Structures are given as C-alpha cells and as structure tokens.
Amino acid sequence: MAARIVSGPGPHPPRITHTRPLPALDTGPGGADPYATTRKYLEPMNKRIILICGFSALIASCGNAAEDQPTEATPTTATEFTADTTIITVNGRNIPLDLFHRFYLDHLRRTDAKDTPTFKTQVLNKFVNILITAQDAEKRGLDKDQDFLSALEVQRLRLLSRFAIQHALTTHEPSDEDLQRTYDEHYGKEKRIEYKTRHILVKTEDEGKRLIEKLKDGADFAELAKTHSLGPTGKQGGELSWFGPRQMLQPFTDATAALKPGEYSGTPVRTQFGWHVILLEDTRETQPPALEDVKNELTRILGQDALKNYLSELHDKADVNLNPDLVKTAEEDPSEPAASE
C-alpha cells in the first residue's frame, strides 16, 4: 500500500495514513519484474499492516481513531506496485517507490541485518530523516554550495563508472567454450592435493617461536593448541578440516605444502589473522570437481578477465593529460604507494 505521513493534533508525533490501493505493475517484456526484490521484502510489511505502529523515534504512536487504521493488505494489493507509485509524501512532495526501492536495497547490501520488522522500521526512519533534512538543505540553498556540488559530481562519476562496468559485464555472457577452457586451465591439468592439518594461532612471532621450541622438546601439539591458540579451533586441539590449495590464505597453503605428514612448520607463518604454527597430519589426492559444480567460480573468473580487458581497451583509447605542475606520475615519485578504490 502507498502511504503518507500526516501530523496529528497537538504535540503528538507524525502518524501514517494510507491512500488508494496501488495499481498493477507493468512487468514489461518477458514478464520480468524489476521490483521483485523490493516486493519480497515489503510484502511481509503489508501482511503486518505496512507502515504503521512501531516506528521508534519518528513514529511513536498511531492514534486510536478507527479511521486512522488501514485495512490489512490482501495478496492482490500487496503486489500492485509501480515505479512511480507514491510510497510516502513529505511536506507535499511525493516520493516514488523506485527511490525507496534503491535506498532499501542499498541497506540490505551494506548490512548483515535480517529482514525483520525492526530492520524495516530503521530503514524507513532513515529514509524519512534523509528526506526532511534534504528538503531543509534545499531551503537553505545548500544544494548550491560548491563543496556539495563537488561531492555530488564525485558520486555521479562513481555511479556512472559502476553502471558502465555492470553493463559491460552483463553483455559478456561466457560461452561453453570459454567455460571449458577456463576449467581446463584451473582444474583439468592440476594435481589435486588436500591437506589435513592442525594449527596454533598466536599474536606475535615470538610466541610462535616459543611454541616451536616446546614442540622440539616433545610437547604435544594438540595440547599446546588447546592452551595457547587464539583461533576457534583451539578447543579442538587446532584441528582443521581437509582443505585444498585454494581454500586457505596463500602463506598458510604454501607453508603447508612444504611439509611432509608428521612435520610442523619450523618458523611461524604470518597471515592477516596473526602467526601460525602448522602441523601437517596427512595428505590425499582428490578428483577435480565437475565443471558444473564450479561454473559460478569460472563465470566469476571470466568476468574478471572481461573487466580487465574492458578497462584496458578504454585506457588505450583514452586521451589523458596530467598537469605536470600539479600531478607527479608514479615514475617521478615511486616511493608513494598506489591509491586503491
């Protein structure tokens, strides 16, 4: 259902009333529904009487008048969305569903929150807060401020770049031949070895060295892991499940591959998590996975290759001229690290 915020009498906080049922969605060619994901998350809200009681801070109560209570949505009204349907009206300005659709999905991507009524409330409150503060900024003329315009241009360029990359990748559909070739390169010819290990994770290299000395004196690896390891496997004596070369961080895999069954690493191994002492218990050869089982990974690899080629082609065609009075190239100042996105 569409909704708008209205002010109740006296000091009461804003409350929500409902407007007409939403018109049916024109799904377009092929029946694709561009708002299917939004519908997935909003329909549970409709079934719980969408956009009413329970909105903390902004919407603290719904009033007691019967006319303020919307009817519960039916399966028909819960699916009648269009891009320009007004989802909320703020100070007389209608806000279309498409805008909230993008705002809501952005929050779903950015957080690990579950789709709950509490999460929906938080997102709606943030959305309304942004709308009312943005309108106030426009009244104050802040949308003409040079800092704002510069920041807006940066965001515009970032979005255009992202959309260009997405378009380039969606138009690159890997063929069966591409998938087979990539599969052969990554799986077909390699010897598949899996490792069974234990490890002890500590904060410093010196701690790792002291543990290695204890192992040389005959200490039991599993007992040391239970006592000293910071990792979640410490309670199990540092035991890890069987893993292949691509499943661990490269330093860990390289150190493991250099060992023979029964050997432990002679020096601590550093990863982003800390310092590891590794014991290789056993190895086994395995058959490569079926192409269909790794098709998503192969598609990702091909997509990365396509992106590199796309960017390379653009760089080759682009006419880029730096102002030498303002910009030093990497060749002129090699000590500076490269910027990353």
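Per the numbering used here, the sequence shown starts with residue 4, numbered consecutively.
Glycine included, C-beta positions come from ideal geometry on N, C-alpha and C.
These numbers come from a predicted model, not from an experiment.
Handout entry: Buried or exposed by the 16-neighbour rule on C-beta atoms within 10 Å, applied to Ile-196
Key = Locating residue 196 in the sequence shown gives position 193, counting from the first residue. Exposed, by the Cβ-count rule.
Exercise for the section: Would you tell me roughly how many angstroms separate the C-alpha atoms of Glu-180 and Asp-322, rounded to the nearest one? Expected result: Position 177 of the sequence shown, counting from 1, holds the residue named residue 180. Position 319 of the sequence shown, counting from 1, holds the residue named residue 322. Using only the alpha carbons, I get a separation of about 35 Å.
Exercise for the section: Closer than 7 Å by C-beta to Val-280: which residues in its own chain qualify, once you throw out the five before and the five after it? Chain order, please. Expected result: Along the sequence shown, one-based indexing puts residue 280 at 277. Cβ within range, chain order: His-202, Ile-203, Gly-211, Leu-214, Ile-215, Tyr-267, Ser-268 and Pro-271.
Handout entry: DSSP state of Thr-174 mapped onto helix, strand, coil
Key = Position 171 of the sequence shown holds residue 174. Note: Thr-174 maps to coil in three-state DSSP.
Handout entry: Test item: CB-CB of Ser-232 and Gly-241 under 8 Å
Key = Here the question's residue 232 lines up with position 229 in the sequence shown. Here the question's residue 241 lines up with position 238 in the sequence shown. It is a contact, given that the beta carbons lie within the stated cut-off.
Practice task
Pick out the complete alpha helix (DSSP H) segments inside the region 225-299, 4 residues or longer, and give them in chain order.
Solution key: 253-260
Handout entry: For Arg-96, three-class secondary structure by DSSP
Key = Translated into the one-based positions of the sequence shown, residue 96 becomes position 93. Looking at Arg-96 - three-state DSSP - the assignment turns out to be strand.
Problem - DSSP-derived helix/strand/coil call for Thr-302 - result: Locating residue 302 in the sequence shown gives position 299, counting from the first residue. Helix at Thr-302.
Handout entry: Sheet register partners of Tyr-198 (DSSP bridge)
Key = Mapped onto the sequence shown, residue 198 falls at position 195. For Tyr-198, which the question treats as bridged, DSSP gives the partners Phe-246 and Thr-286.
Problem - Buried versus exposed, by CB contacts within 10 Å (16 or more), Phe-84 - result: For this step, residue 84 is matched to residue 81 along the sequence shown. The residue is buried, with at least 16 neighbouring Cβ atoms inside 10 Å.
Exercise for the section: Rounded to whole angstroms, what's the CA-CA distance from Gln-138 to Leu-155? Just pull it up for me. Expected result: In the sequence shown, counting from the first residue as 1, residue 138 sits at position 135. In the sequence shown, counting from the first residue as 1, residue 155 sits at position 152. Roughly 16 Å separates the two Cα atoms.
Problem - Contact set for Phe-3: own chain, Cβ-Cβ below 7 Å, skip 5 residues either direction - result: Beyond the ends of the chain as shown, which are 4 and 344, falls residue 3; an answer cannot be given.
Practice task
List the whole-angstrom C-beta distance separating Leu-127 from Ile-98, where the pair is believed to meet the contact cut-off of C-beta under 8 Å.
Solution key: Numbered from its first residue, the sequence shown carries residue 127 at position 124. Numbered from its first residue, the sequence shown carries residue 98 at position 95. Actually they are not in contact, since the Cβ atoms of Leu-127 and Ile-98 sit about 11 Å apart, beyond 8 Å.
Handout entry: Whole alpha helix (DSSP H) elements within the region 116-195, 4-residue minimum
Key = 120-142, 149-173 and 179-186
Problem - Nonlocal neighbours in the same chain, by C-beta distance under 8 Å from Pro-248, ignoring five residues either side - result: For the purposes of this step, residue 248 is taken as residue 245 along the sequence shown, with counting starting at 1. Only Ile-196, Thr-256 and Ala-260 meet the Cβ criterion.
Practice task
Compute the beta-carbon to beta-carbon distance between Leu-243 and Thr-200, rounded to the nearest angstrom, for a pair I have assumed lies under 8 Å.
Solution key: Taking the sequence shown and counting its residues from 1, the one referred to as residue 243 is at position 240. Taking the sequence shown and counting its residues from 1, the one referred to as residue 200 is at position 197. Right, the Cβ-Cβ distance comes to about 5 Å (below 8 Å), so this counts as a contact.
Problem - Neighbourhood of Ala-140 by C-beta, 7 Å cutoff - its chain only, sequence neighbours within 5 removed - result: Position 137 of the sequence shown, counted from the start, is the residue given in the question as residue 140. Asp-146.
Practice task
Measuring alpha carbon to alpha carbon, tell me which of Tyr-190, Thr-174, Thr-236 and Leu-108 ends up nearest Glu-295.
Solution key: In the sequence shown, counting from the first residue as 1, residue 295 sits at position 292. The residue with the shortest Cα to Cα distance from Glu-295 is Tyr-190.
Practice task
Please name the residue, chosen from Asp-118, Asn-132 and Thr-119, that lies closest to Thr-92 on a Cα-to-Cα basis.
Solution key: On the sequence shown, residue 92 is found 89 positions in, with the first residue counted as 1. Ranking the options by Cα distance to Thr-92, first place goes to Asn-132.
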